[in-house]
Structures are given as structure tokens and as C-alpha cells.
Amino acid sequence: MDRLARIDRALDEVLVNLGAMVLRLSDPAVTRTDAERRALARSVRQYARCADQSGDPRVRRLRDELQETVRPKLRIVATR
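If you read the sequence shown in my numbering, its first letter stands for residue 127, the second for the next number, and so on.
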């Protein structure tokens, strides 16, 4: 059982590092084109799938933060 716990912790560390990399890629200065934004959205979806299986709060927090980066920014427009 100890071996499985070590593997689980190692996977969580990999997910934290991967999430940090994807978060850096989510910067608008890095992902400028539509193709890059689509690739980022795919990466975030794939990360979220892996993060759903993790119990590590850091991984879950990164998942939530990443999902916020790909949500469209909504503007309220008032017309008369």
C-alpha cells in the first residue's frame, strides 16, 4: 500500500508541475492566435480530466484556475 501512496503522490507532483506549465501558456501574450487558444482549451480539458481523479487540493485549485482562463469573457452591453 505504501508503494501505491508514493506513486499517487508522485503523480500529484507531476500534475502540479504540468498545471503550472499550462497556466503559463494561458497568458494572452503567449496564446495569441485562435489555433493556440483552441490548443490551450484542449490542454485545460485534458488536465481537468486528470485532476478530477486527484485528491490533492493543489491539483484541484490549478484545475479551477485553468478552467477560468478558457471561459469566454462576457461583457454587459446596455442599449436604449
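Every residue gets a Cβ at the ideal spot worked out from N, C-alpha and C, and that includes glycine.
Decide yes or no for the touch test of the segment 140-160 against the segment 178-191: beta carbon pairs closer than 8 Å, at least 3 of them. yes
With a threshold of 6 Å on Cβ separation, who are the neighbours of R163 within its own chain once the five nearest residues in sequence on each side are excluded? In the sequence shown, the residue the question calls residue 163 occupies position 37. Taken in chain order, the residues that qualify are T157.
Taking the CB atoms as reference points, tell me whether V196 and A167 lie closer together than 7 Å. Position 70 of the sequence shown holds residue 196. Position 41 of the sequence shown holds residue 167. The Cβ atoms of V196 and A167 lie closer than 7 Å to each other.
Inter-residue Cα distance where the pair is D160 and S169: Residue numbering aside, residue 160 sits at position 34 when the sequence shown is read from its first letter. Residue numbering aside, residue 169 sits at position 43 when the sequence shown is read from its first letter. About 14 Å.
Find the nearest neighbour of E191 within the set Y173, I202, R201 and I133, judged by alpha-carbon distance. Residue 191 sits at position 65 when you count from the first residue of the sequence shown. It is Y173 whose Cα lies nearest to the Cα of E191.
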